[in-house]
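The block underneath contains the structure these notes are about, expressed in structure tokens.
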Amino acid sequence: MKNLKLTALAATAALTLAACNSADGAEETIKIGVNGADEPQWPVIVELAKEDGLNVEIVEFTDYIMPNKALAAGDIDLNAFQTISFFSNFVAESGEDLAPVGTTVFAPLGVYSDKIESLDELKKGDQVAIPNDASTLPRALNLLQEAGVIELADDFGITGDLDQITSNPLELEFIAMEPQQTARVLPDVAISLINNGVAVQAGFVPAEDAVYFENADSDTIEPYINIIAARADEADKEEYQQIVEYYQDPAVEAAINEEFKGSKFIIRKTAEETVAMFEKMNSYFK
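Letter by letter, the sequence shown follows residues -25 to -1, 1 to 261 in mature numbering (1 follows the signal peptide of the UniProt record, and there is no 0).
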């Protein structure tokens, strides 16, 4: 297995990739909160915005909570780091008035290990690290069921939990933890289910290094499509729709393909389709 290459990140450090304004300097800067400000799409987006006279600043966060809190507080204008299901769950639990603006990528979840090359090598009683957030935990369990490692209840859905495992023949021990910790504990567990972004930050190429990997062609990926989010009363702003268009631009897709080697996939849905996904997810989390 590929060795971890964890990068020390300052907590909620602001990394600025600002495009110089082509007009008179009076326009506001659009601040976008992200996990992974060094990813290749952001310089391309900043440059595309610059060509249209828009200032864009990328603000780095090191967890999955603060980008939404900062958005709700008005510290940033948009964020782009989360799946539609994670976002819907946050809105349902927090009551914050946020809304999706558009889609970005599907970033497959993977199973990683420092100890085995195949899930067939799992042994009885092995420990499994799994993200503990309400949207990723059921996603991870579904992936293990797809791989034939466990079986889940017939009514298991996107809000499912560990108590709905109906068959665990290897008596695996599941350890739920903050998503950002799942890469760090790899030396201590048999396998870890790691979000795509966390895996990339840890130095992995998911399509090459994962022991098992979500299928991007599956008809079940909708809850796990990543989005750009805004405050609800600003979601229709023309400039924000432009940011979505930049993200879906072929130049951005080329940069992502070159860097991630088939580990992330651009998803082009309309604003209306994105809102419909959000409303569907809300029905699960309310």
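Glycine included, every Cβ here is placed at the ideal spot set by N, Cα and C. Keep in mind it's a predicted model, so treat the numbers as computed, not measured.
With 16 other Cβ atoms within 10 Å as the buried cut-off, status of residue i
{"i": "A128", "result": "exposed"}
{"i": "S167", "result": "buried"}
{"i": "K99", "result": "exposed"}
{"i": "P106", "result": "buried"}
{"i": "residue 276", "result": "Since the displayed the chain opens at -25 and closes at 261, residue 276 lies outside it and no answer follows."}
{"i": "I40", "result": "exposed"}
{"i": "A1", "result": "Only weak support exists for where A1 lies, its pLDDT of 45 falling under 50; the coordinates are left without a value."}
{"i": "T79", "result": "buried"}
{"i": "N77", "result": "The question names Asn, yet the displayed sequence has Gly at residue 77. Counting Cβ neighbours within 10 Å, G77 comes out buried, since at least 16 surround it."}
{"i": "K244", "result": "buried"}
Limits of the alpha helix (DSSP H) - the one that residue i falls within
{"i": "Y215", "result": "213 to 222"}
{"i": "F260", "result": "246 to 260"}
{"i": "R114", "result": "111 to 121"}
{"i": "A47", "result": "41 to 48"}
{"i": "residue 267", "result": "The question about residue 267 has no answer here: the residues shown for the chain are numbered -25 through 261."}
{"i": "A165", "result": "Premise fails: A165 is in no alpha helix (DSSP H) and is neither H nor E."}
{"i": "residue 264", "result": "The structure shown has nothing for residue 264, since the chain only spans -25 to 261."}
Spatially closest choice to residue i from the options, by CA coordinates
{"i": "T141", "options": "E214, Q16, I125", "result": "I125"}
{"i": "S238", "options": "L147, Q155, P181, T134", "result": "P181"}
{"i": "N190", "options": "F240, N10, G49", "result": "F240"}
{"i": "E68", "options": "D95, D108, K98", "result": "D108"}
{"i": "E3", "options": "P162, P113, E214", "result": "E214"}
Limits of the unbroken beta strand (DSSP E) element including residue i
{"i": "F56", "result": "53 to 58"}
{"i": "P106", "result": "102 to 106"}
{"i": "N232", "result": "Premise fails: N232 lies in the alpha helix (DSSP H), 225 to 235, not in any beta strand (DSSP E)."}
Test item: CB-CB of residue i and residue j under 8 Å
{"i": "V250", "j": "A185", "result": "no"}
{"i": "P198", "j": "V173", "result": "no"}
{"i": "L73", "j": "A47", "result": "yes"}
{"i": "Q16", "j": "Y222", "result": "yes"}
{"i": "I169", "j": "A158", "result": "yes"}
Validate contact between the region 41 to 58 and the region 4 to 24 using beta carbons, cut 8 Å, 3 pairs:
yes
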